Structure formats: C-alpha cells, structure tokens
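When the letters of the sequence shown are read in order and numbered with UniProt numbering, they come out as residues 1 to 93. All residues carry an ideal CB built from backbone N, CA and C; glycine is no exception. As the structure is a computational prediction, the values presented were derived from the model and not from experiment. To keep things clear, I will list the structure first and then write my remarks on it.
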Amino acid sequence: MTYTASVTVTDQLGLHARPAAQIAKLVKSAIEANPALVVTFKHTSGKHAQAKSALMLMALGAKSGESVEIQIEGTSDEAAAALVADIQGFLIE
Numbered sequence: 001m002t003y004t005a006s007v008t009v010t011d012q013l014g015l016h017a018r019p020a021a022q023i024a025k026l027v028k029s030a031i032e033a034n035p036a037l038v039v040t041f042k043h044t045s046g047k048h049a050q051a052k053s054a055l056m057l058m059a060l061g062a063k064s065g066e067s068v069e070i071q072i073e074g075t076s077d078e079a080a081a082a083l084v085a086d087i088q089g090f091l092i093e
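Dropping the structure here:
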C-alpha cells in the first residue's frame, strides 16, 4: 500500500543542500529500521527522486512555493504520516 502526501516547499532557497541532506539522513535512518521502506519525491515537472539521496532531491529543482508529492511504501499510514511531518519540517523557512 502506498501513502501519498503533497507538501509545499516554503524555504526561500527551495529544496537546497541543507534540507536535502537532512531529509536524506532521516529517510536513511528510517530505512535502517525498516528495510522495506521506499520514499519517493515527485516534482510537478515530472521528475522524481529517491529520498535517500540528497543529490537526487536537489536535482528535482523544487523552488519555494512549489509542491512536491511524497510517496511512501512499506509501512503503516500512521508511520508514513509521521515521516511526512518530519520531512515537511525541513522544507520550511
């Protein structure tokens, strides 16, 4: 089952190095606890990236004010929602 959520990047610099690294670190930690976990970011441009890679996240080119869809597979909806909330915290100013 796939959990999907849309989040808006509100950091003035968009999805840049610092939040991308924080998100990748968070996702890698979650994958260590649950190897079946897959977290994918999809940009409105059609690009997508595995969230365990900061470089792939930055390559999305998500700018401030743009929405990104997060798809999470391999965990409960409750755990996925908590992960999305943590990720969203890295995308704010």
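- Residue range 17-33 is occupied by the alpha helix (DSSP H) that includes Ser29.
- Nearest to Ser6 by alpha-carbon distance, out of His43, Lys63, Ile23, is His43.
- Distance from Leu37 to Gly89 at the Cβ level is roughly 19 angstroms; contact not present, criterion being Cβ atoms closer than 8 angstroms.
- The secondary-structure analysis by DSSP pairs Phe41 across a beta bridge with Ala49, Ile70.
- Note that the C-beta distance between Thr8 and Gln71 is not below 9 angstroms.
- The beta carbon of Ala54 sits closer than 6 angstroms to the beta carbons of Ala20, Ala21, Ala24 from its chain, once the five residues preceding and following it are set aside; these are given in chain order.
- Within its own chain, the residues whose Cβ lies closer than 6 angstroms to the Cβ of Val27, once the five positions on either side in sequence are excluded, are Val39, Ala51, Lys52, listed in chain order.
- Between Lys63 and Gly14, the gap from beta carbon to beta carbon is short of 9 angstroms.
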